[in-house]
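Asks:
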Amino acid sequence: MSVRVARTAWARGLGASGRRGRGLLGYPRVRELYAAARRVLGYDLLELSLHGPQETLDRTVHCQPAIFVASLAAVEKLHHLQPSVIENCVAAAGFSVGEFAALVFAGAMEFAEGLYAVKIRAEAMQEASEAVPSGMLSVLGQPQSEFNFACLEAREHCKSLGMENPVCEVSNYLFPDCRVISGHREALRFLQKNSSKFHFRRARMLPVSGAFHTRLMEPAVEPLTQVLKAIDIKKPLVSVYSNVHGHRYMHPSHIQKLLAQQVVSPVKWEQTMHAIYERKKGREFPQTFEVGPGRQLGAILKSCNMQAWKSYSAVNVLQTLEPVDLDPEEPPR
1 MSVRVARTAW ARGLGASGRR GRGLLGYPRV RELYAAARRV LGYDLLELSL HGPQETLDRT
61 VHCQPAIFVA SLAAVEKLHH LQPSVIENCV AAAGFSVGEF AALVFAGAME FAEGLYAVKI
121 RAEAMQEASE AVPSGMLSVL GQPQSEFNFA CLEAREHCKS LGMENPVCEV SNYLFPDCRV
181 ISGHREALRF LQKNSSKFHF RRARMLPVSG AFHTRLMEPA VEPLTQVLKA IDIKKPLVSV
241 YSNVHGHRYM HPSHIQKLLA QQVVSPVKWE QTMHAIYERK KGREFPQTFE VGPGRQLGAI
301 LKSCNMQAWK SYSAVNVLQT LEPVDLDPEE PPR
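Residue 322 in this note's numbering sits at position 322 of the sequence shown, and the numbers go up by one each step.
The structure is reproduced here in structure tokens:
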């Protein structure tokens with residue numbers, strides 16, 4: 001999650017792989033958050049986050065709630081260390097599941113309601129992922145790269161093999177010339193094999209279980225829609241930016257509609273960065289804080305807007321024995 005202060009704060013969405021930690025437990029309310037999470041989820045998320053096993057934590061059904069809670073726990077740390085940052089925050093945004101954390105941070109929904117929605121979302125997306133062999137391909141291109149044409153070619157290739165309604169589409173807009181393309185695995189293998197034809201500098205599979213933010217996630221829309229209808233969504237106290245169109249939410253009904261639509265829509269993070277940081281020449285950039293596991297959003301911001309990145313800080317939420325991967329091509333989940 002990203003928090004923009006009056007200068008910013010963010011709520012983020014990042015895979016929790018490689019992270020273990022106790023770094024947040026000494027801060028006020030963090031243990032309360034995990035205790036509340038246990039009641040909502042029906043299992044001990046804190047124990048899983050601290051001790052694994054990693055392969056269990058990495059599953060979509062567990063990873064998404066872990067990201068959500070860790071992001072808000074990081075907000076508690078930031079509030080304890082620099083309360084003025086939270087008090088002066090003017091905008092928030094979150095990547096994928098991090099958007100739910102951003103909305104809770106902004107007062108649009110309660111913690112337990114947001115977490116329950118994330119639980120249903122994660123379970124439905126896990127089930128949709130297991131139904132079809134699919135995945136996500138991180139692609140670093142060049143100005144001449146034609147991502148949509150490449151996806152079309154990949155779909156035509158799949159049709160030539162007898163596949164019906166193959167899916168291959170851009171699912172994440174990260175920064176200039178960098179996209180994540182998601183869909184059926186056969187389509188992604190075709191893109192990797194023909195990467196030079198499409199002027200891709202690099203194309204690599206991401207360690208995820210399915211084609212998130214594509215129409216292959218359609219089965220997850222209805223369960224999430226029903227949960228969101230039961231939540232009393234309020235107008236955010238600070239501006240929150242939607243992944244679906246990259247602009248601020250204007251009304252609670254828009255939040256309900258777009259959060260469900262987000263599951264099958266590309267994450268327009270690059271567009272969001274431009275919307276947040278566009279300003280007249282000479283105007284000061286806001287402080288930006290990344291709250292949650294990892295620093296990928298900061299690396300992406302650096303590639304989108306170097307001047308804005310100079311006012312960026314990360315809230316280190318988890319102790320780790322492994323180096324943190326700052327590769328901007330591997331997006332948050």
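Quick reminder that beta carbons are idealized off the backbone N, C-alpha and C, glycines included.
Quick check on the DSSP output: what are the complete alpha helix (DSSP H) runs of length 4 or more inside the region 211-271, in order along the chain?
Replies: 221-229 and 252-262
Asks: Are SER239 and LEU258 close, meaning C-beta to C-beta below 7 Å?
Replies: no
Asks: Does the distance from the C-beta atom of PRO223 to that of ALA124 stay below 7 Å?
Replies: yes
Asks: Quick one: any contact between the region 194-206 and the region 164-176, if contact means 3 or more CB pairs under 8 Å?
Replies: no
Asks: Hey, how far is the Cα of ASP177 from the Cα of ARG39?
Replies: 43 Å
Asks: Look at the Cβ atom of GLY210, then the Cβ atom of SER129, and state whether they are nearer than 7 Å.
Replies: yes
Asks: Pull up the distance between the alpha-carbon of GLY21 and that of GLN262, whole angstroms please.
Replies: In this prediction, GLY21 has a pLDDT of 43, which is less than 50 and means its spatial position is unreliable; what the coordinates show is noted afterwards. Roughly 30 Å between the two C-alpha positions.
Asks: When the Cα atoms are used, what is the spatial distance from ARG155 to PRO219?
Replies: Our two residues, ARG155 and PRO219, have alpha carbons roughly 21 Å apart in a direct line.
Asks: ARG215 and VAL139: beta carbons closer than 7 Å?
Replies: no
Asks: How is the alpha helix (DSSP H) around HIS80 delimited, first residue to last?
Replies: 60-81
Asks: Residues bridged to VAL90 by DSSP?
Replies: Bridge partners of VAL90: none, in fact.
Asks: Where does ASN305 land, buried or exposed, given buried means 16+ other C-beta within 10 angstroms?
Replies: Buried, because 16 or more other Cβ atoms sit within 10 Å of the Cβ of ASN305.
Asks: Hey, quick one: how far does the alpha helix (DSSP H) through PHE100 stretch, first residue to last?
Replies: 98-105
Asks: Can you list, in chain order, the residues of its chain whose CB lies under 7 Å from that of LEU78, leaving out five sequence neighbours each side?
Replies: Taking C-beta separations shorter than 7 Å and ignoring five residues to either side along the sequence, the partners of LEU78 in its chain run VAL85, ILE86, PHE289, VAL291 and VAL315, following chain order.
Asks: Can you tell me the Cα-Cα spacing of GLU32 and LEU57, whole angstroms?
Replies: 21 Å
Asks: Would you list the residues sitting across from GLY135 in a DSSP beta bridge?
Replies: GLY183
Asks: Roughly how many whole angstroms lie between the Cα atoms of ALA131 and ILE120?
Replies: 17 Å
Asks: Could you give the residue range of the beta strand (DSSP E) that holds TYR34?
Replies: Looking at the DSSP string, TYR34 is not in any beta strand (DSSP E); the run it does join, the alpha helix (DSSP H), is 30-41.
Asks: Candidates ALA203, GLY294 and LEU237: which alpha carbon is nearest VAL180's?
Replies: Looking at the Cα atoms, ALA203 is the closest of the given residues.
Asks: Just mark ALA35 as buried or exposed, buried being the case when its beta carbon has 16 or more other beta carbons within 10 Å.
Replies: exposed
Asks: Report whether the distance from the Cβ of PRO219 to the nearest heavy atom of the ligand ATP is below 6 Å.
Replies: Absence of the ligand ATP is noted for the structure shown, with no ligands found whatsoever.
Asks: Using 8 Å for Cβ pairs, my map puts THR135 next to LEU188. What's the rounded Cβ distance?
Replies: Going by the sequence as given, residue 135 is Gly instead of Thr. Yes, GLY135 and LEU188 are in contact; Cβ-Cβ is about 6 Å, under 8 Å.
Asks: Alpha carbon to alpha carbon, how far is SER271 from GLY246?
Replies: At residue 271 the sequence reads Gln, which differs from the Ser that was named. Between GLN271 and GLY246, the C-alpha separation is close to 5 Å.
Asks: Would you identify the three-state DSSP class for PHE190, choosing helix, strand or coil?
Replies: helix
Asks: Name the DSSP beta bridge partners of ALA314, please?
Replies: GLU290
Asks: Quick one: what's got a C-beta closer than 6 Å to VAL227's C-beta in the same chain, skipping five residues either side?
Replies: ALA117 and ILE120
Asks: Report the three-state DSSP secondary structure of GLU55 (helix, strand or coil).
Replies: Here GLU55 sits in helix by DSSP.
Asks: Leaving out the 5 sequence neighbours to the left and right, which residues in its chain are closer than 8 Å to PRO252 when beta-carbon positions are compared?
Replies: ALA108, ILE233, LYS234 and LYS235
Asks: When DSSP labels each residue in this structure, what does ALA203 get in the three-state scheme?
Replies: strand
Asks: Determine the burial state of MET273: buried for a count of at least 16 other Cβ atoms within 10 Å of its Cβ, exposed for fewer.
Replies: buried
Asks: Which term fits ALA92, buried or exposed, when burial requires 16 or more other beta carbons within 10 angstroms of its beta carbon?
Replies: buried
Asks: Could you give the DSSP three-state label for TYR277: helix, strand or coil?
Replies: In the three-state scheme derived from DSSP, where H, G and I count as helix and E and B as strand, TYR277 is classed as helix.
Asks: So, with DSSP's three-state summary, where would you put PHE95?
Replies: coil
Asks: By how many angstroms is the C-alpha of GLN144 removed from the C-alpha of GLN192?
Replies: If I take the Cα positions, the gap works out to 17 Å.
Asks: Is the separation between the beta-carbon of VAL267 and that of HIS213 shorter than 7 Å?
Replies: It is a contact, given that the beta carbons lie within the stated cut-off.
Asks: Among all the DSSP beta bridges, which residues are the ones paired with VAL170?
Replies: Paired residue(s): ILE181.
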